[in-house]
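In this note's numbering, the protein residues as written are 358 to 723.
Beta carbons are placed, not taken as given, at the ideal position from N, Cα and C, and that holds for glycine.
Below is one structure, written out as structure tokens; comments come after it.
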Ligand SMILES: [Zn+2]
Ligand SMILES: [Zn+2]
Ligand SMILES: [Zn+2]
Ligand SMILES: [Zn+2]
Ligand SMILES: [Zn+2]
Ligand SMILES: [Zn+2]
Ligand SMILES: [Zn+2]
């Protein structure tokens, strides 16, 4: 047998398939998809397969289940008739060892203790060491506590959420290895640059100094928690992010035409691309009052306000990866658009008001 799994490319020992009958993916990969991602579709044809059957991969002689409806509709964990059923993945097995392997893969357990136990087992085993770790680990939180208390090891929380693998496949780090892993990738645990497949550490929000799992997660954070200038965006001047609205306001003052009227300051985002636009705004909105808004040279923004969000170690990749996202309908552009729309709405609303005030005044005068 020299077939390889279509997902992990490992030699195909045990295969799992559903009603569509595609026998190209190993039972471990099928179990991982069904257990971690709760995805019950066939990896080859995307057919939704509520139940799948796992058996030894024997090429043309692989056992074929032609009628999945013949399998019991409701089954509990363990032996059911001639098969074994794993509830967590909804996989049927015709081999108890393969069933046990997949069940163990899906259990939350300490891989360090498991390795020790199996090594001890070969040497005859010490009952005391087995008993010591017999206490069942019921959750990821308990596993994290156990790893720290017993082995002084950590899992990366970002990888726990972001890397879609089973908990037993999560990597374990010492404190210093974890720091290296987050910053640039740890050569001891994460492997060589080639083995890491482009992983150069988790990208960091330079404002909050918080790392995120990947560029998409960082982008989501930055567009939700920080501000960008809709005018610069419209002019395609590139996109800088600002820590908060106060810093964006400083930018409006220094680079654009910002209305300093108290009410406009409260409304926020009342800023214009050109002087004539600001003058028009003043005439329409503030004609009874003194024109306040002037492009002031006194508010020079220091370069520190133009912080870029590039993650450490990831160079310009973030920028280039984010660029197409931004130009589509990213959050940032939506924010820009909506603030623009608000402004138009506010303008017409207040000019409406001023007309009503005038007519109201007339009525009073009559
Ligand atoms: Zn596989
Ligand atoms: Zn299929
Ligand atoms: Zn342990
Ligand atoms: Zn990580
Ligand atoms: Zn941030
Ligand atoms: Zn701007
Ligand atoms: Zn104004």
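Residue i versus the options, residue with shortest Cα-Cα distance
i	options	result
residue 559	547, 546, 542	542
residue 419	381, 430, 548	381
residue 563	545, 540, 443	540
residue 556	593, 640, 567, 572	572
residue 547	579, 523, 396, 513	513
residue 609	396, 425, 429, 586	586
residue 503	397, 533, 467, 535	467
residue 629	606, 425, 474	606
residue 459	397, 536, 441, 474	441
residue 396	367, 533, 521, 550	521
residue 404	619, 436, 377, 426	377
Beta-carbon gap between residue i and residue j smaller than 8 Å
i	j	result
residue 383	residue 369	yes
residue 614	residue 634	yes
residue 584	residue 599	yes
residue 500	residue 531	no
residue 416	residue 360	yes
residue 602	residue 625	yes
residue 604	residue 519	no
Assigned exposure category for residue i - 16 Cβ within 10 Å defines buried
i	result
residue 505	exposed
residue 408	buried
residue 421	exposed
residue 470	buried
residue 456	buried
residue 439	exposed
residue 623	exposed
residue 576	buried
residue 686	Confidence at residue 686 is low in this model, with a pLDDT of 37, below 50, so its placement is unreliable and the value that follows should be read with caution. Classification of residue 686: exposed, given that the 10 Å Cβ count is below 16.
residue 588	buried
residue 592	exposed
residue 554	exposed
residue 391	buried
residue 621	buried
residue 642	buried
residue 372	buried
residue 431	exposed
Rounded Cβ spacing between residue i and residue j (contact assumed at less than 8 Å)
i	j	result
residue 507	residue 516	Not a contact, Cβ separation roughly 20 Å.
residue 406	residue 375	3 Å
residue 414	residue 450	Not confirmed; about 13 Å, so no contact.
residue 434	residue 443	7 Å
Beta-carbon proximity list for residue i, same chain, < 8 Å, skipping 5 on both sides
i	result
residue 365	383, 385, 386
residue 472	none
residue 428	408, 410, 422, 440, 449
residue 464	525
residue 529	468, 469, 504, 508, 510, 511, 512, 546
residue 619	none
Cut-off 6 Å between Cβ atoms - residues of its own chain near residue i, not counting five sequence neighbours on either side
i	result
residue 664	Low per-residue confidence applies at residue 664: pLDDT is 37, beneath 50, and the placement is therefore not dependable, though the value from the model is reported in the following sentence. So the qualifying residues of the chain are 563.
residue 447	408
residue 495	none
residue 424	none
residue 706	Low per-residue confidence applies at residue 706: pLDDT is 35, beneath 50, and the placement is therefore not dependable, though the value from the model is reported in the following sentence. Excluding positions up to five away in sequence, the list is empty.
residue 367	none
Residues near residue i in its chain [Cβ-Cβ closer than 7 Å; skip 5 each side]
i	result
residue 462	385, 388, 523, 525
residue 363	381, 382, 400, 401
residue 379	399, 401, 402
residue 534	543, 545, 546
residue 578	562, 569
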